[in-house]
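To start, the structure under review is shown below, and the notes come after it.
Residue numbers (the numbering used here): -14 to 270.
So, in C-alpha cells, the structure goes:
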C-alpha cells in the first residue's frame, strides 16, 4: 500500500501546500504592496506596550554572560564543539550577523536579528549557524524578553572572545528584534554564488557589497574560487570599504578573526548536516 498522504477530496491529485504557481510567478511586475504592512504591530508577539529598553534594564547582564560562557564548553552530542569549545563558531555567528551591513543604503547588519530569517539564514556563507543559534535557545528561553535575539547574537560573540582571552571594548545593548525578513535587495542572481553583479572591469553594482550571491563579503578561495592573491586583494579592499571598514580594520578582522580556530563545526557532515533551514522539513525547523 502506498503510505504517502494524499488529498481525499481530489483523489490525491491536488497540489501540496507548497506546490503550485504563485501570483508573483504569473505577474512578476505587479506592484508589491507588502511593504505597506512590513513589520506590522499585529505580527509582533511582544505587543504594543512592550518597551525593550525598559526590559533590558531588568537584565542581570553578568549572570547572562556567565551562562553564555558556560555554554561555550558544554558540547552537545547533536553538534559537538570543535576541540570542546564553541567560541569560534559563536564568533562567526556574530560577525556574520553584523557583517551584512553596507554603507550604500544602510541595509544589513546585526541591529534587528535578521540572521534568523530568509534568505540570510540559508545563505551558503551562513551554513551551520542555525546550530549556533540553537545552542543559545535555552539561554534565550531563560532570559526571555529581557534580551533580544539581535543583542544576544552580538553579545555571544563578545563573550566568546573574552572567554578565549581577548579584551573587548565592552557591550552596548538596545537592538530590537524584528519578526519577519527585511525587504532588502541582495542581488539579481537566481542561483547561489552567482556574480552577475559585476560589469566592465569588475565594477561592483550599487548598493551591493558582497562579491557573490549568498556570501556576506568576499569569496575566501579568491574571486570565483580562483586563488589569486592580487585579485583577492582588490575584491577585499572594495567589499570591505563598502562595509565601512578601512584597510587596518580589514586586516584585523581577516587575520585576527581566523586565529580563533575552526568555526564550521566538528560533526560529520554526512550524519549531521542536512538542507539549509528554509529547505528543511517542518519537523527540523
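Note that the Cβ used here is the ideal one computed from N, Cα and C, for glycine as well.
Item to check | Pair within 8 angstroms by beta-carbon distance, residue 81 and residue 114 | outcome: yes
Next on the checklist: According to DSSP, is residue 100 part of a helix, a strand, or is it coil?
Outcome noted: helix
Checklist entry - Short check: CB of residue 78 to CB of residue 142, under 8 angstroms? => result yes
Checklist entry - Is the beta carbon of residue 159 sitting closer than 8 angstroms to the one on residue 198? => result no
Next on the checklist: Give me, in chain order, the residues of the same chain whose beta-carbon lies closer than 6 angstroms to that of residue 42; leave out the 5 immediate sequence neighbours on both sides.
Outcome noted: none
Next on the checklist: Which same chain residues end up closer than 7 angstroms to residue 28 when comparing Cβ atoms and leaving out the 5 residues on each side of it in sequence?
Outcome noted: 164, 165
Next on the checklist: Measuring alpha carbon to alpha carbon, tell me which residue in 162, 168, 200, 167 is nearest residue 180.
Outcome noted: 200
Checklist entry - Do residue 194 and residue 224 have their C-beta atoms closer together than 8 angstroms? => result yes
Item to check | Rounded C-alpha distance that separates residue 32 from residue 130 | outcome: 11 angstroms
Checklist entry - When you compare each of 153, 104, 99 to residue 136 by their alpha carbons, which one comes out closest? => result 99
Checklist entry - Nearest-angstrom Cα distance between residue 72 and residue 208? => result 29 angstroms
Item to check | Among 202, 39, 162, the one whose alpha carbon lies nearest that of residue 239 | outcome: 202
Checklist entry - Per DSSP, residue 188 forms a beta bridge with which residues? => result 184
Next on the checklist: Just verifying my parser: in three-state terms, what is the DSSP assignment at residue 164?
Outcome noted: coil
Next on the checklist: Counting beta carbon pairs with one atom in the region 12 to 30 and one in the region 147 to 156, are three or more of them shorter than 8 angstroms?
Outcome noted: no
Checklist entry - When DSSP labels each residue in this structure, what does residue 268 get in the three-state scheme? => result helix
Checklist entry - In terms of alpha-carbon separation, which member of 46, 110, 153, 126 lies closest to residue 249? => result 110
Next on the checklist: Suppose only complete runs of 4+ residues qualify. What are the alpha helix (DSSP H) ranges in the region 205 to 233, listed by chain order?
Outcome noted: 214 to 226
Checklist entry - Which residue from 262, 268, 245 puts its Cα closest to that of residue 68? => result 245
Item to check | Burial state of residue 117, where buried means 16 or more other Cβ atoms lie within 10 Å | outcome: buried
Checklist entry - What number of angstroms, rounded off, separates the C-alpha of residue 221 from the C-alpha of residue 185? => result 18 angstroms
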